[in-house]
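S.K.: Protein sequences, first through last, are from chains A and B. Residue 190 in the numbering used here sits at position 11 of the first sequence, and the numbers go up by one each step. Residue 429 in the numbering used here sits at position 385 of the second sequence, and the numbers go up by one each step.
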Amino acid sequence: MASVEDRVRQVTARVLNVSGNDIKPADNFAMDLGAESVQAIELVANFEEEFGIEMDEEEALGVENFGSAVEYITKVCKEQGIVT
Amino acid sequence: MTTTTTTTPTKTHPLVDTTEPNLLEDTFDYDLPPLIKFEGPITEVIDGKPVEFDPRSVKTRDIVVTDTTFRDGQQARPPYTIDQMVHIYDLMAKLGGPNGVVRQTEFFLYTKNDRETLDRCRALGHKYPQCTGWIRAVKGDFRLVKEAGLQETGMLTSSSDYHIFHKLKFKSRKACMDSYCEVVDAAFEAGVRPRCHLEDLTRADIEGFVLPFVDRLMEMSRQVPDELSVKIRLCDTMGFGISYPGAELPRSIPKLIYKLNKECGVPTERLEWHGHNDFHKVHINGATGWLYGCDACNTTLFGFGERTGNPPLEGAIFEYIALKGDLCGIDTSAITELADYMRSMGLPIPDNYPFVGKAFNSTSAGIHAGGLRQDERIYNIMDTTTLLGKPPRVSLTDKSGADGVAIWVNEFFGLTGDDKISKIKVHKVARWVTDQYEKESRLTSISDAEMEVVVKELMPDLYAKHKGD
Numbered sequence: 180m181a182s183v184e185d186r187v188r189q190v191t192a193r194v195l196n197v198s199g200n201d202i203k204p205a206d207n208f209a210m211d212l213g214a215e216s217v218q219a220i221e222l223v224a225n226f227e228e229e230f231g232i233e234m235d236e237e238e239a240l241g242v243e244n245f246g247s248a249v250e251y252i253t254k255v256c257k258e259q260g261i262v263t
Numbered sequence: 045m046t047t048t049t050t051t052t053p054t055k056t057h058p059l060v061d062t063t064e065p066n067l068l069e070d071t072f073d074y075d076l077p078p079l080i081k082f083e084g085p086i087t088e089v090i091d092g093k094p095v096e097f098d099p100r101s102v103k104t105r106d107i108v109v110t111d112t113t114f115r116d117g118q119q120a121r122p123p124y125t126i127d128q129m130v131h132i133y134d135l136m137a138k139l140g141g142p143n144g145v146v147r148q149t150e151f152f153l154y155t156k157n158d159r160e161t162l163d164r165c166r167a168l169g170h171k172y173p174q175c176t177g178w179i180r181a182v183k184g185d186f187r188l189v190k191e192a193g194l195q196e197t198g199m200l201t202s203s204s205d206y207h208i209f210h211k212l213k214f215k216s217r218k219a220c221m222d223s224y225c226e227v228v229d230a231a232f233e234a235g236v237r238p239r240c241h242l243e244d245l246t247r248a249d250i251e252g253f254v255l256p257f258v259d260r261l262m263e264m265s266r267q268v269p270d271e272l273s274v275k276i277r278l279c280d281t282m283g284f285g286i287s288y289p290g291a292e293l294p295r296s297i298p299k300l301i302y303k304l305n306k307e308c309g310v311p312t313e314r315l316e317w318h319g320h321n322d323f324h325k326v327h328i329n330g331a332t333g334w335l336y337g338c339d340a341c342n343t344t345l346f347g348f349g350e351r352t353g354n355p356p357l358e359g360a361i362f363e364y365i366a367l368k369g370d371l372c373g374i375d376t377s378a379i380t381e382l383a384d385y386m387r388s389m390g391l392p393i394p395d396n397y398p399f400v401g402k403a404f405n406s407t408s409a410g411i412h413a414g415g416l417r418q419d420e421r422i423y424n425i426m427d428t429t430t431l432l433g434k435p436p437r438v439s440l441t442d443k444s445g446a447d448g449v450a451i452w453v454n455e456f457f458g459l460t461g462d463d464k465i466s467k468i469k470v471h472k473v474a475r476w477v478t479d480q481y482e483k484e485s486r487l488t489s490i491s492d493a494e495m496e497v498v499v500k501e502l503m504p505d506l507y508a509k510h511k512g513d
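(1) Using the rule of at least 16 other Cβ atoms within 10 Å of the residue's Cβ for burial, across every protein chain shown, is N66/B buried or exposed?
(2) Quick one: any contact between the segment 176–190 of chain B and the segment 214–221 of chain B, if contact means 3 or more CB pairs under 8 Å?
(3) Which of the three DSSP states is assigned to C338/B in this structure?
(4) Does any residue of chain A bring its CB to less than 8 Å from the CB of T478/B?
(5) Helix, strand or coil for F186/B, going by three-state DSSP, please let me know.
(6) My assumption, with CB atoms under 8 Å, is that I361/B sits in contact with N329/B. Please give the rounded CB distance.
(7) In whole angstroms, what is the alpha-carbon distance linking E215/A and A209/A?
(8) Which value, in whole angstroms, describes the spacing of the CA atoms of D127/B and P256/B?
(9) Just to confirm before moving on: does the CB-CB distance between T87/B and P94/B stay below 8 Å?
(10) For chain A, check one thing: does any of its Cβ atoms lie closer than 8 Å to the Cβ of S466/B?
(11) Round the Cβ separation of L382/B and L135/B to the nearest angstrom and send it over; I've been treating them as touching at under 8 Å.
(12) Does A446/B get closer than 8 Å to chain A when you measure Cβ to Cβ?
(13) Can you tell me which residues form a DSSP beta bridge with N244/A?
(14) In chain order, what residues of the same chain have a beta carbon less than 8 Å from the beta carbon of E307/B, not counting five sequence neighbours either side?
(15) So, with DSSP's three-state summary, where would you put H320/B?
(16) State the Cα-Cα distance for the pair A231/B and E83/B, rounded to the nearest angstrom.
(17) Can you list, in chain order, the residues of the segment 221–246 of chain A whose Cβ is nearer than 8 Å to any Cβ on chain B?
(18) What ranges does the alpha helix (DSSP H) occupy inside the segment 329–417 of chain B, keeping only unbroken runs of at least 4 residues that lie completely in it?
(19) Can you list, in chain order, the residues of its chain with a C-beta nearer than 7 Å to that of A413/B? Leave out the 5 residues immediately preceding and following it.
(20) In the DSSP assignment, find the alpha helix (DSSP H) that holds G140/B and state where it starts and stops.
(21) Say whether chain A places a C-beta atom closer than 8 Å to the C-beta of H412/B.
(22) Does any C-beta atom of chain B lie closer than 8 Å to the C-beta of V217/A?
(23) To be precise: take each residue of the segment 474–506 of chain B, compare its Cβ to all Cβ atoms of chain A, and keep it if any distance is under 7 Å. Which residues remain?
(24) I need the straight-line Cα distance from F348/B to H318/B, nearest angstrom please.
(25) I want to know whether the segment 269–284 of chain B touches the segment 234–253 of chain B - three or more CB-CB distances under 8 Å.
(26) Which residue marks the beginning of the beta strand (DSSP E) containing R237/B, and which one marks its end?
(27) Could you name the residues of chain A that H471/B contacts, counting a contact when the two beta carbons are closer than 7 Å?
(28) Measuring CB atoms only, is the segment 216–226 of chain A touching the segment 187–202 of chain A, in the sense that at least three cross pairs come out at less than 8 Å?
(29) Among all the DSSP beta bridges, which residues are the ones paired with F23/B?
(30) Helix or strand or just coil, what does DSSP make of I261/A?
(31) Rounding to the nearest angstrom, what Cα-Cα distance links T460/B and Y336/B in this structure?
(32) Exposed or buried, what is P504/B when buried is set at 16 or more other beta-carbons lying within 10 Å of its beta-carbon?
(33) For the putative contact between P356/B and N405/B, defined by C-beta atoms under 8 Å, what is the C-beta separation to the nearest angstrom?
(34) May I ask you to report which of helix, strand or coil DSSP gives E196/B?
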């Protein structure tokens, strides 16, 4: 199975229409990767679907960069018993 | 070269830090409109002397709303049918509640339809609003009042020289006053209480005509039983009245009321304010009347009346509740019923009209929608769901964002509390809304009908669960 980071990268690239190879952990979704308001919502929705998890709306939307997203999703998967 | 003037501060204000919010709930009790509280008396300088008024007296005085929807209100629109007036009267009774906050309404008496309307309203058996008449200041018209079995009638007693000389063509003020008093005598003889409408009062010679006339009316009233004693309606016919402290007569509402109440001795329960909105002051002027000693505020539904209209009845109702600090038996849901009914009759209530306009508690802005989702009180004036049957809404545009879409979807499915879905779950609909403007170059807002079609397509499971399709 692909790693959490790889899967987050694939979803991010698809939703934001950017090259997955160019995404770095410190990249801010809005400022570096160009995520607009509705795209931030779509990212969270697609992460939930990809990993089969439910994320807290406020917490999830508070995650600002790619690296933090990987950490947050890993944590949530563990809390919700999802094998990654 | 410019200079700046600095003012020396007179007080410093240390921060009162807290980690718990102070929501000022003793004033902003969400179950009621925000309460109006007064710290102490108001001082007005009248004839060079300071005079105190205590606005806190409204809590204990029997202030009331009176209505002229079927009279002044009808002067601004095509006539109502009898059935319409009877239904509106019925809803007014419901609105005012058992304590009769909507205390009286007035009817024309000249035609067969006028009389049938009055009879059918009275046949409903409501104690309030009490039915009163409205006639010209003509002795013969009291026959109509008596035949109708009414105990009180309004009659025009115009008070400005514009009316006395140019409209009514009296040769002198004395001739005018004598003529009015003859009609008042006729009222007493007929056993009917006259309500003298001092038309165009805010443009009249108060000391030279109005006060002498009211003095005479009070003297006449002392000769008859109390239930016949003259009532006075202060008519701000052209909307010239001013509520500001320190304003001059004849426009000063505080001074007018003081002179009639204290100098002429007219009790507050026999003083009524009637205004118009030509300078956008109509609601505040009506409330000012209450504060300074007119127990009655004369209104029309949704402010429809002559020219720019009258104090809106529903505005007076919410002001009443805010001043009293209690619903006092009022059923505010009747306001929405009345609005829906009158709208169905073709009455054009603007979308942004307070309390009843389609968009009165609607936001288009996503940032406001976000606030509403966190705590409805942030961007809603009071519990409009309970008080008016109207939860806060969003009007969807390019500014609404996913927060706006989430509010719309939750309201559409009737989801409340923990059942509400987050804005994450409406992402497909939010994307559709965004694309309407960014890809399709749409310029109009999105209607509820369109949204229903989109939600049915993009959220089929939720739609099937809650709409049964």
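Each residue gets a CB set at the ideal place from its N, CA and C atoms; glycine is no exception. Fair warning: this is a prediction, and the values are worked out from it, not measured in the lab.
M.R.: This is what the structure gives:
(1) Here the question's residue 66/B lines up with position 22 in the second sequence. N66/B is exposed by the Cβ-count criterion.
(2) no
(3) Taking the first residue of the second sequence as 1, we reach residue 338/B at position 294. Looking at C338/B - three-state DSSP - the assignment turns out to be coil, as it is neither helix nor strand.
(4) Walking along the second sequence from the start, residue 478/B turns up at place 434. Yes, T478/B lies at the interface with chain A (some Cβ there is under 8 Å from its Cβ).
(5) In the second sequence, the residue the question calls residue 186/B occupies position 142. Helix, per DSSP.
(6) Stepping through the second sequence from its first residue, residue 361/B is reached at position 317. Stepping through the second sequence from its first residue, residue 329/B is reached at position 285. 16 Å between Cβ atoms; not a contact.
(7) As a working note, residue 215/A is residue 36 in the first sequence. As a working note, residue 209/A is residue 30 in the first sequence. The straight-line gap from Cα to Cα measures roughly 6 Å.
(8) If you number the second sequence from 1, residue 127/B lands on position 83. If you number the second sequence from 1, residue 256/B lands on position 212. In a straight line, the C-alpha of D127/B is about 44 Å away from that of P256/B.
(9) Here the question's residue 87/B lines up with position 43 in the second sequence. Here the question's residue 94/B lines up with position 50 in the second sequence. A contact, by the Cβ cut-off of 8 Å.
(10) Numbered from 1 along the second sequence, position 422 holds the residue referred to as residue 466/B. Chain A, which has a Cβ nearer than 8 Å to the Cβ of S466/B, makes this yes.
(11) Taking the second sequence and counting its residues from 1, the one referred to as residue 382/B is at position 338. Taking the second sequence and counting its residues from 1, the one referred to as residue 135/B is at position 91. Contact holds; Cβ gap of about 5 Å.
(12) Within the second sequence, the letter at position 402 stands for residue 446/B. True, the Cβ-Cβ gap to chain A drops below 8 Å.
(13) Residue numbering aside, residue 244/A sits at position 65 when the first sequence is read from its first letter. N207/A, per the DSSP bridge assignment.
(14) Locating residue 307/B in the second sequence gives position 263, counting from the first residue. Apart from the 5 residues on each side of it in sequence, E307/B sits with its Cβ closer than 8 Å to the Cβ of L255 in its chain, given in chain order.
(15) Locating residue 320/B in the second sequence gives position 276, where the first residue counts as 1. H320/B sits in coil when the DSSP states are folded into three classes, being neither helix nor strand.
(16) On the second sequence, position 187 is the one that residue 231/B refers to. On the second sequence, position 39 is the one that residue 83/B refers to. Between A231/B and E83/B, the C-alpha separation is close to 43 Å.
(17) Taking 8 Å as the Cβ-Cβ cut-off against chain B, the residues of the segment 221–246 of chain A that qualify are E221, V223, A224, E227, M234, E236 and A239.
(18) Within the segment 329–417 of chain B, the complete alpha helix (DSSP H) runs of at least 4 residues fall at 357–368 and 377–388.
(19) If you number the second sequence from 1, residue 413/B lands on position 369. Counting only Cβ-Cβ distances below 7 Å, and skipping sequence neighbours, we find T407, V438, S444, G445, D447, G448 and I451.
(20) Position 96 of the second sequence, counting from 1, holds the residue named residue 140/B. G140/B -> alpha helix (DSSP H) spans I126 to G140.
(21) Residue mapping note: residue 412/B aligns to position 368 of the second sequence, counting from 1. Chain A contact via Cβ: absent.
(22) By one-based count along the first sequence, residue 217/A stands at place 38. Yes - at least one Cβ of chain B is within 8 Å of the one on V217/A.
(23) A474, R475 and T478
(24) Counting from one through the second sequence, the residue named residue 348/B turns up at place 304. Counting from one through the second sequence, the residue named residue 318/B turns up at place 274. Taking the straight line joining both Cα atoms gives about 13 Å.
(25) yes
(26) Translated into the one-based positions of the second sequence, residue 237/B becomes position 193. First-last of the beta strand (DSSP E) with R237/B: R237 to L242.
(27) Within the second sequence, the letter at position 427 stands for residue 471/B. Among the residues of chain A, those whose CB is under 7 Å from the CB of H471/B are I220, E221 and A224, following chain order.
(28) yes
(29) Absent from the structure is residue 23/B, since the part of chain B shown begins at 45 and ends at 513.
(30) As a first step, residue 261/A must be located in the first sequence, where it is residue number 82. The answer is coil: DSSP assigns I261/A none of H, G, I, E or B.
(31) Indexing the second sequence from 1 puts residue 460/B at position 416. Indexing the second sequence from 1 puts residue 336/B at position 292. Looking at the two C-alpha atoms, the distance is approximately 44 Å.
(32) Within the second sequence, numbered from 1, the residue matching residue 504/B stands at position 460. It is exposed - the Cβ of P504/B has fewer than 16 other Cβ atoms within 10 Å.
(33) What you label residue 356/B is simply residue 312 of the second sequence in a count that begins at 1. What you label residue 405/B is simply residue 361 of the second sequence in a count that begins at 1. Actually they do not touch by this definition, with Cβ atoms about 17 Å apart.
(34) Here residue 196/B corresponds to residue number 152 of the second sequence, with the count starting at 1. E196/B falls in the strand class under three-state DSSP.
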